[in-house]
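Residue numbers (the working numbering): 363 to 694. Here is the structure we will look at, set down as structure tokens.
Following this line, the structure appears as structure tokens:
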């Protein structure tokens, strides 16, 4: 499905989805009103990463809240890791079950470009953006690096000897690392970035002192920071993170850089307008439940809900912006 057809489809989806939600509201529907008011008894959720990372957390949180609120009869999660999510994107492209959603986000936008993936986000049916969160830069607890400046100085002096781990190549973590070097006028060739497809692998590398530093979503490292197993150097948001309010922002540390990582869901490009509207309505209802709001708070995710034409337009702009950024930091 090309981008123009995506726009036409999502324009219709936006109208149908809003109309459906309004109709349900008029009937006094509640999220706990019984068996799958969406009409979807079974939903497949593809997580295009290995267990333990932000996409996995998002997919399983959706599974839990959709089932607990009787929005679907059963929701199953399957992990398809590798290549920054593009392996999962390839599986979605051949998916025959229309009741399928795939978790995706900023990371995949970059990975599609750096991997020159045959399957593209423009070929899917956008459903909704759900969350965003800042990233965090951490080092092992016994690391000699006390500040972000210490880390950047070490990378400038011995880039290949200072390994930085994070998510898939070309994703948000990789982009932040590249932008940090750019801000410090350090050649991108100095960056020794070790990508992993799941947050669990990156964490293991950090705790095992196999890498010098790590970058990921705040929620993925917060527990280890609080336990004293990792030291947080800075977060990438405009404000301190709610989970770790004592950790300074990059701006606080003198680095003029703000970056947040968003996540959302898309459906197969082959579904029709009625199914797209039904899935959009389903995710909209989930996002309005008290349990989903609690999920956001627990994980320190910001509510970034956007659906229909608005999400379609956002995707178009984000894909173009990420291409520019990847070129600027030497990844394209």
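The C-beta atom is built at its ideal place from N, Cα and C for all residues, glycine as well.
Starting from residue i, trace the beta strand (DSSP E) both ways and give me its first and last residue.
i	result
residue 624	622-629
residue 438	436-441
residue 463	462-467
So the candidates are the options; which of them puts its Cα closest to the Cα of residue i?
i	options	result
residue 603	648, 494 and 645	494
residue 634	491, 444 and 487	487
residue 638	421, 490 and 563	490
residue 631	431, 482 and 656	482
residue 673	563, 686, 492 and 562	492
residue 408	692, 605 and 442	442
Give me whichever residues DSSP pairs with residue i in a beta bridge.
i	result
residue 665	493
residue 555	526
residue 687	Paired residue(s): none; residue 687 is not in a bridge.
residue 502	592
residue 576	500 and 527
residue 646	In the DSSP output, where bridge partners are listed per residue, residue 646 has none listed.
residue 487	629
residue 611	597
Anyone know if the C-beta pair for residue i and residue j falls short of 8 Å?
i	j	result
residue 627	residue 463	yes
residue 568	residue 527	yes
residue 615	residue 636	no
residue 620	residue 653	no
residue 406	residue 477	no
residue 550	residue 542	no
residue 573	residue 556	yes
residue 499	residue 587	no
residue 413	residue 562	yes
residue 577	residue 605	no
residue 531	residue 447	no
Can you name the start and end residues of the alpha helix (DSSP H) that residue i belongs to?
i	result
residue 584	580-588
residue 449	448-455
residue 420	416-430
How is residue i classed by DSSP in three states: helix, strand or coil?
i	result
residue 369	Only weak support exists for where residue 369 lies, its pLDDT of 38 falling under 50; the value from the coordinates is given anyway. Three-state result, residue 369: helix.
residue 633	coil
residue 407	strand
residue 600	coil
residue 638	helix
residue 702	Any property of residue 702 remains undetermined from this structure, which presents the chain solely from 363 to 694.
residue 676	helix
residue 480	coil
residue 616	coil
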